[in-house]
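Right, one structure below, let's go through it.
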Amino acid sequence: MKKSSSFVLLITLFSFVLAQQRPAQQQKPAEQPRSWGKWSGVVFSDLMYVVQEPQPAPLANKGTAGRNSFDLTRVQLGYEYFFNNEFSTRVLYDPRAGVGIQEANLTWTNVLPMHALSFGMMRTTAEQTAEKVFGYRSLGPMLFNRNAYAPEYDAGLTLFGKFDPQGMMNYSFSIANGSGTFPDNDKIKKFALTFGFAPDRASIIEVYVDYENRSLGRSIINTKLMYGITSKLFLLGVEGFYRMERKFAGTKDIVPAGGSLFSWFEFSKGMRAVVRADVVDNDLNSSNAGYREAYVNVGLDYTPIPEVHFIPNIVYIKQLKKGNSPAIADEMVARLTAAVYFK
């Protein structure tokens with residue numbers, strides 16, 4: 000009996016000691032995520048020859064040829080630093096852009112469940128998705144940016160959100176200066192909203208809307224719809240826009256509209272055919288003045304390694320005059336575009 004009692008007492012004491020040790024182990028501070036950073040950048044350059052371009056006014060209806068040059072169209076160097084799993088900052092420098100700084104922002108991930116907030120100078124959402132889907136910013140800006148209807152970079156804040164953990168349905172809301180990379184000197188702010196839907200990994204749909212109050216009864220509203228479908232061998236994308244510039248022509252509205260078709264097809268390893276075609280009417284409300292522009296870019300992308308692209312391509316631009324507008328000669332440029340990416 001005494002032996003049994005001693006045995007029970009020994010087990011009880013042993014359990015008590017273990018119980019005292021466990022909290023000490025649980026109270027050990029967890030390791031904090033390590034901070035880290037990464038560099039990235041791009042270099043885009045063109046060796047170009049003008050086959051034909053309009054002469055300066057008043058001889059714009061006549062073409063001239065022969066101009067040629069080597070141009071650096073984009074040189075970007077960026078650094079992104081992650082303080083932890085929630086906070087990060089990014090700086091992107093391009094000496095060709097305004098003050099030179101295209102991005103300088105702070106992002107708070109999980110500011111709300113499935114939400115992130117970015118504040119500072121950043122990439123706008125107007126063409127961010129379309130540019131990523133197409134993948135050929137080296138050949139020129141997308142539809143909105145090329146026609147200066149929205150800047151590529153702007154200062155403000157953007158809230159990104161997902162409606163589901165996989166991000167099949169997402170949105171963003173932005174408040175920005177609307178002045179691009181240049182300082183803001185007015186009271187005007189631009190509000191932008193996007194809704195995206197990716198039913199599968201191969202396709203995506205995005206709706207974009209922005210609003211800017213210019214005072215004195217004037218305002219600008221942009222709307223755009225983009226759809227893209229992709230696979231390992233091809234991409235097909237299309238976007239269309241409708242813009243309303245209220246009371247910018249006296250009491251009348253100016254209404255530009257247009258669309259873009261962009262695609263690539265990989266016919267062998269490291270070789271793609273690339274094509275893009277835009278059509279833009281500078282004002283649907285005017286049939287006797289202005290122009291409808293047709294823009295076509297066709298090229299061949301040779302990729303010896305994923306980070307390097309050589310793209311011989313041709314750009315053709317035709318201004319279709321409306322009414323009594325003066326004729327403008329067609330423009331054709333042959334280019335050899337080189338694109339280098341590093342991460």
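Residues in the sequence shown are numbered consecutively from 0, following numbering that gives the first Met the number 0. Glycine residues also receive a C-beta, built at the ideal position from the N, C-alpha and C atoms. Nothing here was measured: the structure is a model prediction, and the numbers come from that model.
Beta bridge counterpart(s) of residue i as assigned by DSSP
| i | result |
| --- | --- |
| residue 130 | According to DSSP, residue 130 bridges with nothing at all. |
| residue 306 | Paired residue(s): none; residue 306 is not in a bridge. |
| residue 161 | 169 |
| residue 42 | 74 and 339 |
| residue 51 | 331 |
| residue 92 | 76 and 100 |
| residue 247 | Answer is none; residue 247 lacks a bridge partner. |
Spatially closest choice to residue i from the options, by CA coordinates
| i | options | result |
| --- | --- | --- |
| residue 325 | 289, 147 and 48 | 289 |
| residue 320 | 104, 336 and 279 | 279 |
| residue 224 | 230, 218, 207 and 236 | 207 |
| residue 41 | 91, 55 and 175 | 91 |
| residue 314 | 339, 283, 302 and 277 | 277 |
| residue 264 | 298, 294 and 247 | 298 |
| residue 95 | 71, 233, 107 and 300 | 71 |
| residue 148 | 274, 209 and 294 | 209 |
| residue 235 | 285, 83 and 273 | 273 |
| residue 237 | 227, 231 and 292 | 227 |
| residue 323 | 285, 54 and 292 | 285 |
Terminal residues of the beta strand (DSSP E) in which residue i lies
| i | result |
| --- | --- |
| residue 260 | 256-267 |
| residue 341 | 330-341 |
| residue 73 | 67-81 |
| residue 221 | 217-229 |
| residue 109 | 100-111 |
| residue 118 | 114-122 |
| residue 212 | 202-214 |
| residue 145 | Premise fails: residue 145 lies in the alpha helix (DSSP H), 142-145, not in any beta strand (DSSP E). |
| residue 136 | Premise fails: residue 136 is in no beta strand (DSSP E) and is neither H nor E. |
| residue 272 | 270-280 |
| residue 253 | 251-253 |
| residue 199 | 189-199 |
Buried or exposed (CB count within 10 angstroms, at least 16 for buried), residue i
| i | result |
| --- | --- |
| residue 306 | exposed |
| residue 165 | exposed |
| residue 25 | Caution applies to residue 25, whose pLDDT of 47 falls short of 50 and renders its modelled position unreliable; the value that the coordinates give is listed next. With fewer than 16 other Cβ atoms within 10 Å, it is exposed. |
| residue 203 | buried |
| residue 312 | buried |
| residue 38 | exposed |
| residue 85 | exposed |
| residue 215 | exposed |
| residue 261 | buried |
| residue 142 | buried |
| residue 20 | Bear in mind that a pLDDT of 45 at residue 20, under 50, signals an unreliable position, so the number given afterwards is only what the model happens to contain. Label assigned to residue 20: exposed. |
(Q) With three or more beta-carbon pairs closer than 8 Å as the criterion, would you say the stretch 175-186 touches the stretch 98-116? (A) yes
Q. Is the stretch 70-77 in contact with the stretch 126-133, if contact means three or more CB pairs nearer than 8 Å?
A. no
Q. Is there contact here, the stretch 108-128 with the stretch 151-167, by at least three beta-carbon pairs under 8 Å?
A. yes
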